[in-house]
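S.K.:
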Amino acid sequence: MRATQLLAPTLRENPAEAEITSHQLLVRAGFIRKVAAGIYTYLPLAWQVIKKIIKIVREEMDRAGGQEILMPIIQPAEIWHESGRWEVYGPELFRLQDRHNRDFCLGPTHEEIITDLIRNEVNSYRQLPLCLYQIQNKYRDEKRPRFGLMRGREFIMKDLYSFDRDEAGLENSYQKMFQAYLRIFKRCGLQVFPVEAEAGAIGGKDTHEFMVLAETGEATIVFCSRQSCGYASNVEKAASPVQYSAQGRASYAGDSEELLPLKEVYTPNIRTVEEITAFLNVPAQRLIKSLLYETEKGIVAALIRGDRELNEVKLQKVLDVQRVELAGAETVERITKAGVGFTGPVNLEGVQLIADPEVMAVKNAVSGANKNDTHLVNVNAERDFKPGLIADLRLVKAGDPCPDCLFPLKEAKGIEVGQTFKLGEKYSRTLGANYLDENGRQKPLVMGCYGIGITRTMAAVVEQRHDENGIIWPVSIAPFHAVIIPVNQKDNRQVDIAESIYNLLQSTGIEVVLDDRPERAGVKFKDADLIGYPWRIVVGNKAVEKGKVELRNRATKEEGLFSPEEIVGALNLTPYT
RNA sequence: CGGGGCGUAGCUCAGUUUGGUAGAGCGCACGGUUCGGGACCGUGAGGUCGCACGUUCAAAUCGUGUCGCCCCGACCA
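Add 1016 to a position in the first sequence, counting from 1, and you land on the number used in this note's numbering.
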């Protein structure tokens, strides 16, 4: 490809709207342009990268036994009603109507379509196991699209669905996919690590997210500091190892303190945990934070130790509700008869009490009194209040003990590039996708689903592989392997040598750009670094006189002089470096 | 959906407070000088100032509405 013919509009300055590195660089280096919020055109360089990522994904899916299909973007509302997700998915579903006012949606995912296909076409255990996948545009009307390709409203995704006859089959399919995922991301030059996660709207039991560690990641993950343990989890999922025992407080902290009588104290306008710890001179661990949440099943009071944060996902799961929303000031006042900041579990009427096990362990705790400017001291669980439910509600954080081995956990930010789910029978039951076993008995198919965000993966690679000058593509997915830069476009000797190297490399199958633009060398160097070609070949005067050209590695910055004939041999096209 | 901010040339931004002829740098076109890390000189093209309505002799500037975009939060494969 000649640079004069390549549409790669680079920018000198960062676009004002781009916040994170991958967004800035992909726009600046001429890979993408925005069409609307969260919707982008992929220019030639980006599409080149995307096609390569897709090729890798396709090879690994095929190797793992997948068969590629292509399902429609536009999906009729009926099957979404059937699965119940027309309502559940909410405003995130792009909905539209045809000329007859029939409802459709743009597919955010394809469980419904595939299950519909399979229930009609697969009837026998002899046809199992079956793995089908597609690489397709997906549509999600995100509340807040952001960070360029990270969270788009239109994006490219690979989704594979596995169908097995039983749990053992699913486990086998799941493991194959898990391994395939590790290979895919490695081949894309990414360092990922799989973490345990929550299933979210898709549903299912076991699920892993594949995380690319990056400062700009939207997900927080925790992992065990002990290498051999290997525990890693999304914080939302991460369990806290503290369990409540029937023996109660005595088992905690070796604390032999006596239970003291309950007492009211005057705490004028003292509302927050910080204010109370300062005012009463007690540590935050001794406080019981009482948070009122509104759910579709009513209002609950969630109790958590003063030094902890509540994990709303855990709360939602434990209550088995769709919606948990921190109650507003009016609701708090209606329920507690006091202002925000004075809520406490003692004599709190009309709500369900749910407590974290740690709360049960605090002796002589401090809590709100449900009375303005008043707190209670020497509050003790069981004696002064009795929660209807005790459940792990804590948001785990760095330093907390690992649930598997009790070593301290570490925390990191990650970009989720893939997720695998064991769906089980969730969709096959609701949509009636069954098969007949050897005994002629009808059974629901056992499903798994496995996604990879293709366009997000491209952004994640930029996020993980860049420097102050631009992107550093691995050879495996670089838009081109190399760029040839004649330093002076008006020097015929340089141009001739550059042209001959260009022809030579092309004839050996190396993907190369000849930067034949009438620009000064500096401009070409800047663009080469910005775009991130793995190799750069500079044809300059001094080099020409010695019959040698420069070969430079984008990632390592190593340089060497080679004769044109030596270049092909010197180019190291090891994919992932 | 709550809070905040911004819409002026392809890009980055001034100008809006105090209404009166549309600006700069970069990019682009042409000519010249340059030529190994985003050169310089000259000439030039390019804008319904997001859109609509209103106030006014006069609106980029004031008012109302509306659309779009960005950030924080909530939410999310």
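Note that the Cβ used here is the ideal one computed from N, Cα and C, for glycine as well. In this text, all values refer to a predicted model and were calculated from it rather than measured experimentally.
What's the call for residue 1069, buried or exposed, on a 16-neighbour Cβ count within 10 Å?
M.R.: Residue 1069 comes out buried.
S.K.: Tell me the rounded alpha-carbon separation between residue 1026 and residue 1575.
M.R.: Each residue's Cα considered, the two are about 25 Å apart.
S.K.: If we ignore side chains and look at the alpha-carbon of each, how far apart do residue 1129 and residue 1446 end up?
M.R.: Rounded to the nearest angstrom, the two C-alpha atoms are 13 Å apart.
S.K.: Determine whether the beta carbon atoms of residue 1225 and residue 1188 lie at a separation below 8 Å.
M.R.: No.
S.K.: Provide the residue(s) that pair with residue 1382 in DSSP beta bridges, ordered along the chain.
M.R.: BP columns for residue 1382 point to 1303.
S.K.: Indicate the three-state DSSP secondary structure (helix, strand or coil) for residue 1092 in the structure shown.
M.R.: Residue 1092: strand per DSSP, three-state reduction.
S.K.: Give me the Cα-Cα distance between residue 1387 and residue 1357, rounded to the nearest whole angstrom.
M.R.: Those two C-alpha atoms are separated by around 10 Å.
S.K.: Starting from residue 1450, trace the beta strand (DSSP E) both ways and give me its first and last residue.
M.R.: Element bounds for residue 1450: 1450 to 1452.
S.K.: Rounded to the nearest angstrom, what separates residue 1045 and residue 1498 at their Cα positions?
M.R.: About 16 Å.
S.K.: Just reading off the beta strand (DSSP E) that residue 1329 is part of, what are its end residues?
M.R.: No beta strand (DSSP E) contains residue 1329, which is instead part of the alpha helix (DSSP H) from 1328 to 1335.
S.K.: Residue 1463 by DSSP, collapsed to three states: which one?
M.R.: Three-state DSSP puts residue 1463 in a strand.
S.K.: Measure the CB-CB distance between residue 1459 and residue 1230 and report whether it falls below 8 Å.
M.R.: Result no, Cβ atoms of residue 1459 and residue 1230 do not sit closer than 8 Å.
S.K.: Exposed or buried, what is residue 1036 when buried is set at 16 or more other beta-carbons lying within 10 Å of its beta-carbon?
M.R.: Looking at its Cβ environment, which holds 16 or more other Cβ atoms inside 10 Å, residue 1036 is buried.
S.K.: For residue 1022, tell me which candidate among 1062, 1440, 1039 and 1448 has the shortest Cα-Cα distance.
M.R.: Of 1062, 1440, 1039 and 1448, the residue nearest in Cα terms is 1062.
S.K.: Can you give me the Cβ contacts of residue 1028 inside the same chain, cut-off strictly under 7 Å, excluding the 5 residues immediately before and after it?
M.R.: None.
S.K.: Nearest CA to the CA of residue 1544: which residue from 1557, 1563, 1569 and 1565?
M.R.: The shortest C-alpha separation from residue 1544 is found at 1569.
S.K.: For residue 1127, which option in 1107, 1171, 1078 and 1179 has the closest C-alpha, if you only look at C-alpha atoms?
M.R.: Ranking the options by Cα distance to residue 1127, first place goes to 1179.
S.K.: Enumerated in chain order, which unbroken segments of the beta strand (DSSP E) with a length of 3 residues or greater are wholly contained in the segment 1110 to 1190?
M.R.: Entirely contained in the segment 1110 to 1190, the beta strand (DSSP E) runs reaching 3 residues are, in chain order, 1110 to 1113, 1119 to 1122, 1146 to 1155 and 1170 to 1180.
S.K.: What three-state label does DSSP hand residue 1538 in the structure shown?
M.R.: Helix at residue 1538.
S.K.: Note down, in chain order, each residue of its chain lying with its Cβ closer than 6 Å to the Cβ of residue 1064, except the 5 sequence neighbours on either side.
M.R.: Hits under 6 Å: 1495.
S.K.: How would you label residue 1141, buried or exposed, when you count the other beta carbons within 10 angstroms and need 16 or more for buried?
M.R.: Residue 1141 should be labelled buried.
S.K.: Quick check: what's the CA-CA separation for residue 1116 versus residue 1150?
M.R.: Approximately 30 Å between the Cα atoms of the pair.
S.K.: Would you kindly work out how many angstroms separate the C-alpha atoms of residue 1008 and residue 1481, rounded to a whole number?
M.R.: One cannot answer for residue 1008 here, as it falls past the ends of the chain, which runs 1017 to 1593.
S.K.: Return the Cβ separation of residue 1503 and residue 1555 in integer angstroms, given the expectation that the two are a contact with Cβ distance under 8 Å.
M.R.: Residue 1503 to residue 1555, Cβ: 7 Å. Contact.
S.K.: Short of 7 Å in beta carbon distance, which residues of its chain neighbour residue 1337, apart from the five on each side in sequence? Order them along the chain.
M.R.: These residues qualify, in order along the chain: 1311, 1312 and 1313.
S.K.: When you compare the CB positions of residue 1464 and residue 1437, do they come within less than 8 Å of one another, or not?
M.R.: Closer than 8 Å, so yes.
S.K.: Have a look at residue 1032 and residue 1043 and give me their C-alpha separation to the nearest angstrom.
M.R.: So the alpha carbons of these two residues sit roughly 11 Å apart.
S.K.: Go to residue 1377, then tell me how far its alpha helix (DSSP H) extends in each direction, as first and last residue.
M.R.: That run of the alpha helix (DSSP H) goes 1373 to 1377.
S.K.: Over the uninterrupted beta strand (DSSP E) stretch that includes residue 1057, give me the two end residues.
M.R.: From DSSP, the beta strand (DSSP E) with residue 1057 extends over 1055 to 1058.
S.K.: Alpha carbon to alpha carbon, how far is residue 1078 from residue 1537?
M.R.: C-alpha separation (whole angstroms): 44 Å.
S.K.: What's the call for residue 1588, buried or exposed, on a 16-neighbour Cβ count within 10 Å?
M.R.: Answer is exposed; the Cβ neighbour count stays below 16.
S.K.: Could you spell out where the alpha helix (DSSP H) holding residue 1553 opens and where it closes?
M.R.: Counting along the chain, residue 1553 falls outside any alpha helix (DSSP H), though it belongs to the beta strand (DSSP E) covering 1551 to 1555.
S.K.: Just verifying my parser: in three-state terms, what is the DSSP assignment at residue 1417?
M.R.: Here residue 1417 sits in strand by DSSP.
S.K.: From the DSSP output, which residues share a beta bridge with residue 1435?
M.R.: According to DSSP, which records beta bridges pairwise, residue 1435 is partnered with 1225 and 1467.
S.K.: DSSP state of residue 1483, grouped into three classes?
M.R.: Note: residue 1483 maps to strand in three-state DSSP.
S.K.: Taking the beta carbon of residue 1435 as the centre, do at least 16 other beta carbons fall within 10 Å, making it buried, or is it exposed?
M.R.: Buried.
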